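Some notes on the structure that comes next.
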Amino acid sequence: MPELPEIQTIVTGLNRLILHKTIQSFDWNWAKSFPNSEAAVHSALNRSVTGVRRRGKAVLLDLDNGLTLLVHLKMTGQLVVQPPDEESPFPDRSTRVVIRFTDGTTLYFNDQRKFGWVKILTKEELAAQPFLASLGPEPLSRRFTGDHFRERLLRHRETTVKAALLNQTVLAGIGNIYCDEALFLAGILPDRKVKSLSDQEIRRLHRSLRKVLRISIELGGSTRRNYLSAEGVRGHYLDQAYVYGRDGEPCRTCGTLIRKTRVAGRGTHFCPHCQS
DNA sequence: CACTTGACCTGTCCGC
DNA sequence: TGCGGACAGGTCAAGT
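Residue numbering for the first sequence is 1436 to 1711, as defined by this note's numbering.
See the structure below:
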């Protein structure tokens, strides 16, 4: 799923639906989706959720004894909540982990492709997760200024701007969809080398990244196939996307047909007229 | 260092 | 209708 706007939408929903609820049980049917020792599982039982956070594309559920459930949804993960006594389409064939709360609420971790996982970690283990420790800045934070972005980006002068934006150590939370969308808004071709970008283009890209992410959060994120919010609702960003998933369709700005190529090993969408 | 490829998995879609 | 191949929101390891 799930890039920054989708994860943010899930976190907002989880804070509404499972805050302060107490974990009664864990069930799982695929070990790699839930790589935790019996002792770790035991230490999380009967603990309550004190807060749900996002860092990059990761979801963090903090418990009242200092443990954290770290969740990564990778390509097809979902975190969906079934409130007590409500109908729900879950569990389904893709359900890997089921977390029941004492009030009857159920949280399902579904993941068609089984790339994602739910890890129970102590504070020390959490801090030692290499993936989290090396994450770049949050693009929507106050600290993420144009100068800050420029400095981080220029550490990768020899690579393509697409590869740099997908690199989670440059900035956190951008994936294939919002990368292509922000590059369109900034008028920059995805295969440009970072070192070829002018200061003005970098400033435009900085503004475009933040704009695209904010618009998507307002629209509940993007549902290509699997993504659902914690409430089980699809996102609608792709209904109005500039280029992602629109190859062969006319550019909304100039009418030129959107093209799809491969850059940095990923399907890449762009307008050959608006981007240069 | 930086790029590409393959691996991890399942499901869908497209062409023959 | 069936079958093979390509491809899909992400990351990591290994090779060049």
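Each residue gets a CB set at the ideal place from its N, CA and C atoms; glycine is no exception.
Just so we're clear, the structure is a prediction, and the values are computed from it rather than from any experiment.
When rounded, the separation of the alpha-carbon atoms in GLY1622 and VAL1533 is 44 Å.
In this model, ARG1645 and GLN1459 are separated by some 39 Å (Cα to Cα).
Distance from the CA of GLY1501 to the CA of THR1580, rounded to the nearest whole angstrom, comes to 32 Å. Here GLY1702 carries a strand assignment [DSSP, helix/strand/coil].
Burial state of ASN1464 is exposed, judged by a 10 Å Cβ sphere holding fewer than 16 other Cβ atoms. Under the three-state reduction of DSSP, SER1657 is assigned to strand. The DSSP-derived three-state label of PHE1544 is strand. The continuous stretches of alpha helix (DSSP H) do not include ALA1493, which lies in the beta strand (DSSP E) extending over residues 1493-1498. The alpha helix (DSSP H) runs of length 4 or more contained entirely in the region 1617-1684 are, from start to end of the chain, 1634-1653. Per the coordinates, the alpha-carbon of ALA1607 lies some 25 Å from the alpha-carbon of VAL1484.
With distances taken between CA atoms, LYS1467 lies nearest to TRP1552 out of GLN1675, TRP1552 and PRO1437. In the three-state DSSP reduction, GLY1581 falls in the helix class (H, G or I). Bridge partners of LEU1556 according to DSSP: THR1503. A residue is called buried once 16 or more other Cβ atoms fall within 10 Å of its Cβ, and GLN1675, having fewer, is exposed.
Comparing alpha-carbon positions, the option among SER1643, ILE1555 and SER1569 lying closest to HIS1477 turns out to be ILE1555. Taking all protein chains shown into account, THR1691 has fewer than 16 neighbouring C-beta atoms within 10 Å of its C-beta and is therefore exposed. The alpha carbon of THR1503 has as its nearest neighbour, out of LEU1561, VAL1515, PHE1525 and LEU1480, the alpha carbon of LEU1561. A distance of 8 Å or more separates the beta carbons of LEU1508 and PRO1625. DSSP places GLN1513 inside the beta strand (DSSP E), whose first and last residues are 1512-1517. A residue is called buried once 16 or more other Cβ atoms fall within 10 Å of its Cβ, and ARG1489 is buried on that count. The Cβ atoms of LEU1495 and LEU1480 lie no closer than 8 Å to each other.
Residue range 1458-1463 is occupied by the beta strand (DSSP E) that includes PHE1461.
Inter-segment contact for the region 1595-1610 and the region 1659-1668 is absent: fewer than three beta-carbon pairs are separated by less than 8 Å. In this structure, PRO1518 and THR1537 do not form a Cβ contact; the two beta carbons are roughly 14 Å apart against a cut-off of 8 Å. For the options GLY1702, TYR1672 and CYS1706, the alpha carbon positioned closest to that of THR1688 is the one of CYS1706. With contacts defined by Cβ atoms closer than 8 Å, GLY1512 and GLU1666 do not form a contacting pair.
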